[in-house]
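Following: one structure in structure tokens, then a few remarks.
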Amino acid sequence: MVEVDGSEELRGTALSRIAEDAHMPDDERAHAQTAVKEDDAEALAYLVDPVDLIGDVPGVELTQASWSSEVIDYDPDSPDWDPDEDDDAEDDDEGVEERADEGDEVGVRP
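So the sequence shown is numbered by our numbering: it starts at 800 and just counts up by one.
Have a look at this one:
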């Protein structure tokens, strides 16, 4: 997750990059400029190359990458925004042996 707190600056930088690209055809440039003006994810896509982010990570091959964006109300104090929430629930159940009385079968819950 990336928080964009300067949409105008992000979009302006992306538009500058598009304008400076001497190899971009005019019709593609017009399309790119329109997309960047409408969506922060498009602006980010023109500025950040996913290959640069993970290209040197051993054992990883990038086959496809995309950016998407949405406007959300973020409250860091809300329990809805606990990034480890799902992990904690899984960790509590994984590998826990069930205790049993003598003669009962003992298993491991998945």
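Every residue, glycine too, gets a C-beta built ideally from N, C-alpha and C.
Could you pull out every residue in the same chain whose Cβ sits closer than 8 Å to the Cβ of residue i, ignoring the five residues on either side in sequence?
i: residue 839; result: 803, 806, 809, 810 and 868
i: residue 849; result: 861 and 864
i: residue 823; result: 817 and 831
Looking at residue j and residue i, is the spacing between their C-beta atoms short of 8 Å?
i: residue 817; j: residue 801; result: no
i: residue 873; j: residue 866; result: no
i: residue 861; j: residue 871; result: no
Using a 10 Å radius around the Cβ and a threshold of 16 neighbouring Cβ atoms, would you call residue i buried or exposed?
i: residue 846; result: exposed
i: residue 841; result: buried
i: residue 896; result: Because residue 896 carries a pLDDT of 44, less than 50, the predicted location of this residue cannot be relied on, and the following value inherits that uncertainty. The residue in question, residue 896, is exposed, as its Cβ has fewer than 16 Cβ neighbours within 10 Å.
i: residue 903; result: At residue 903, the pLDDT of 41 sits below 50, so the modelled position is not reliable; the number obtained from the coordinates is stated separately. Answer is exposed; the Cβ neighbour count stays below 16.
In the DSSP assignment, find the alpha helix (DSSP H) that holds residue i and state where it starts and stops.
i: residue 845; result: 839 to 846
i: residue 879; result: From DSSP, residue 879 is part of no alpha helix (DSSP H); its letter is neither H nor E.
i: residue 851; result: 849 to 853
i: residue 809; result: 806 to 819
Identify, in the order they occur along the chain, each residue of the same chain with its Cβ nearer than 7 Å to the Cβ of residue i, setting aside the five sequence neighbours on each side.
i: residue 828; result: 817
i: residue 814; result: 832 and 835
Only counting the same chain, and skipping five residues up and downstream in sequence, which positions put a Cβ closer than 6 Å to that of residue i?
i: residue 844; result: 866
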